[in-house]
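Contents: one structure, followed by commentary.
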Amino acid sequence: MAETTPLRLLAEDAEDLAVISAALQDSIGKIGDISFDASARRLTLALNRFRWEAGGKGGERVRAGLQVGGVLGVKSRKLRRDAKGAVVELLSITFEPGEAPGGAVVFTFSGGGDLRAEVECLDVVLADVSTAWPTPRTPKHD
Numbered sequence: 175m176a177e178t179t180p181l182r183l184l185a186e187d188a189e190d191l192a193v194i195s196a197a198l199q200d201s202i203g204k205i206g207d208i209s210f211d212a213s214a215r216r217l218t219l220a221l222n223r224f225r226w227e228a229g230g231k232g233g234e235r236v237r238a239g240l241q242v243g244g245v246l247g248v249k250s251r252k253l254r255r256d257a258k259g260a261v262v263e264l265l266s267i268t269f270e271p272g273e274a275p276g277g278a279v280v281f282t283f284s285g286g287g288d289l290r291a292e293v294e295c296l297d298v299v300l301a302d303v304s305t306a307w308p309t310p311r312t313p314k315h316d
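Taking this note's numbering, the leading residue of the sequence shown gets 175, the next gets one more, and so forth.
In structure tokens, the structure reads:
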């Protein structure tokens, strides 16, 4: 495994969010690891992130936490909230501007599901929270 410093990123605009989206592409998580705390206005996702930056043969994954602040509400489509153990694969995260500085952070998952968080402003933090482990499966795209 390649030794690297744990990834820690902050997004306060759409370009920053694109960097986080690239780092999280092909991350895997469980529906039960997505939580919205309405009183704290915080959406949190725990994911197993593929370490694209590690390069090389094979690959590595690391446990990562993503937190979205200033969340006014969350809606999901084609994600089974009753199946806490269901596995999802994250394809991308985008920002759809609304009334400035707010808008929506949209998480797109494989299989057509998505999660939409209406936010006051863009405030997203990504942090690796474990050491990396080897994985024999490198995600492939057409």
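All C-beta atoms, glycine included, are put in the ideal place defined by N, C-alpha and C.
So, helix, strand or coil for residue i, using DSSP?
i: L221; result: strand
i: L184; result: strand
i: S304; result: coil
i: D297; result: coil
i: S195; result: helix
i: A274; result: coil
Around the C-beta of residue i, are 16 or more other C-beta atoms found within 10 angstroms, so that it is buried, or is it exposed?
i: V236; result: buried
i: E270; result: exposed
i: G247; result: exposed
i: D211; result: exposed
i: G259; result: exposed
i: L184; result: exposed
i: D187; result: exposed
With a cut-off of 8 Å on the beta carbons, I'd call residue i and residue j a contact; round off their distance for me.
i: L300; j: L181; result: 7 Å
i: A278; j: G285; result: With 8 Å as the limit, A278 and G285 do not qualify as a contact, their Cβ atoms being about 20 Å apart.
i: A257; j: I205; result: 6 Å
i: R215; j: G243; result: 7 Å
i: V245; j: E292; result: 7 Å
Note to self: Can you confirm whether the stretch 178 to 196 touches the stretch 204 to 219 when touching is taken to mean that 3 or more C-beta pairs between the two stretches lie within less than 8 Å?
What the structure shows: The stretch 204 to 219, when compared against the stretch 178 to 196, does not touch it at the 8 Å Cβ threshold.
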